[in-house]
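First up is the structure itself, then whatever we jot down about it.
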Amino acid sequence: MPCHDDLTWNCEDAGNTSLQQEDERISIDPPICTAKTVNHIAISVSNLQRSKDWYCRAFGVRIIQESATSVLLGFGESMLVLREEGQPGTISHFMFGIDGYNTAWLQARLAAMGLDPQQDSNSFHVRDPDGLNVQVGDRDLGLSSGIIENGFTMR
């Protein structure tokens, strides 16, 4: 179950008819999948309660879930995840939300691109070229009822 749209374009549409005849089409390799949302951004904080209060007061976000180790704050179709871990004031990772999430299909596509997909709840984590943890998964993950803390740690 692919999570991408087939992408093609016509040189004439781009105003470049000198490269090909007008009825000839060029196929562009589709991306692994098409990001529809930023499901969440996870940041490291020094004080969970203080940060939760600040984001709620400053931006009117809603509390989706709260535990001793994390807080999920909702806004629109996205979340801000606060955790007391790592270097405070930094982004630990973010997640692209996709439509049509399919575990086996996405894992195979990520691996075929030479990535090392690490499975999490309805999602996978990979590293970008600079080593940033990028998560991709079901666009609705955690938005209505939170997530189950599973202790996932990126290798």
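Just so we're aligned, residue 1 is where the sequence shown starts under my numbering, counting upward by one. Virtual Cβ for every residue (Gly too), placed ideally from N, Cα, C. Remember, it's a predicted structure, so these values are computed and weren't measured experimentally.
Residue 34 carries a coil assignment under DSSP once its states are collapsed to helix, strand and coil. Partner residues in a beta bridge of residue 116, as assigned by DSSP, do not exist.
In terms of Cα proximity to residue 132, the closest of 138, 91 and 106 is 91. In this structure, the beta-carbon distance from residue 64 to residue 76 does not fall below 8 Å.
With fewer than 16 other beta carbons inside 10 angstroms of its own, residue 50 counts as exposed. Residue environment analysis places residue 31 among the exposed positions, since fewer than 16 neighbouring C-beta atoms fall within 10 angstroms of its C-beta. For residue 53, the enclosing alpha helix (DSSP H) stretches over residues 48 to 59.
Its Cα nearest to that of residue 140, the residue 121 stands out among 70, 121 and 126.
The criterion of a C-beta distance shorter than 8 Å is satisfied by residue 39 and residue 78.
A contact is defined here as three or more CB-CB pairs under 8 Å, and the segment 96 to 103 fails this definition with respect to the segment 55 to 62.
Taking 8 Å as the upper bound for CB-CB distance, residue 124 and residue 110 are in contact here, some 6 Å apart.
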